[in-house]
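Using full-length UniProt numbering, read the sequence shown as starting at 1 and increasing by one per residue.
Heads up, the beta-carbon is just placed ideally off N, CA and C, and yes, glycines get one too.
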Amino acid sequence: MCLEIFILLEDLLTLPPFKPPRSMEDSPPEKQISTPPASMENYVNVDSGDELPRTKKRILWTQEEDVRMMSSCLHNSTDPSIGADRKNEQYWNDVADTYNETTPSHRRRNAKQAKDRFHKVNRLTDLFHSAWVKARRIFTSGYNDQMWIEKAHVFYIEDNKDKGQKLGPFVLMDVWYAVRNEAKWITHNIGLKEARKKKSSDKEKEGEDVDHMDVDELEDPPRPMGQKRAKKAALEKNSKRNITPAFLSY
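As structure tokens, this is what we get:
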């Protein structure tokens, strides 16, 4: 009997110590698996009919394109074979067509784009040409063309800053070189200045706002000569060597 009690006590001593069951509150939190956040990009289901609005990337004009655009304007304003009875809209369509003939398909322009660009480029180029003429008039002895051009760049900025025009450096030199000796271009801009002065004077008399004149009314290139006069001129040219004007070589 004593031996059995001793064995029982020995077995009890070898058992691990009693630990009460752990409550649910003390259990460690389960590791939660989070759902990855959705992508910030919006995808369009092409079958749903919900499409994002498409925006055309603006195509900046290169100077080479400006030269060809100005050449197209001059060509269509001086080519007598086209005729002088075109409406304004048709003229700019013809300009765009001429320009696009030598332009890659992804860089072609419509009539409005050609017209808007002509007005801007022509105005700036004429301002520089006026500055160059002024430099030639002031600096005569010992000056060459490069010196006049350098002075013209200075006059271009100085002479226009008091007119409310914030002009940067003149960068359309290739355009200016292409048109500087074209009598038709020079005559057109002389007439344009006179038209501005007259219109400005008339508006001042009428008390209207001079700063908001319609540029389209003033800046359309000159129309070609009449067809009868053109035929006569063509006969005269046949007896002479036909020299291509500079602006048609672009």
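Item: Straight-line gap, His106 to Arg137 (C-alpha atoms, nearest Å); Value: 44 Å
Item: Residues near Ala111 by beta carbon distance below 8 Å, same chain, minus five either side; Value: Glu89, Trp92, Asn93, Val95 and Ala96
Item: CB contact flag (residue 252, Val179, <7 Å); Value: The chain is shown only over 1 to 250; residue 252 falls outside these bounds and no answer can be derived.
Item: Own chain residues within Cβ distance below 6 Å of Lys115, not counting five before or after; Value: Trp92
Item: Option in Leu192, Tyr99, Pro104 and Ala131 with minimal Cα separation from Arg117; Value: Tyr99
Item: Enclosing alpha helix (DSSP H) for Val175 [first to last residue]; Value: Met173 to Val179
Item: Distance between Phe128 and Gly168 (C-alpha atoms, nearest Å); Value: 12 Å
Item: CB-CB length for Thr125 against Trp176, believed under 8 Å; Value: 5 Å
Item: Alpha helix (DSSP H) segment containing Phe155, residue limits; Value: Asp145 to Lys161
Item: Ile59 (DSSP reduced to helix, strand or coil); Value: coil
Item: Residues near Gln113 in its chain [Cβ-Cβ closer than 6 Å; skip 5 each side]; Value: none
Item: Collapsed DSSP secondary structure at Leu167 in the structure displayed; Value: coil
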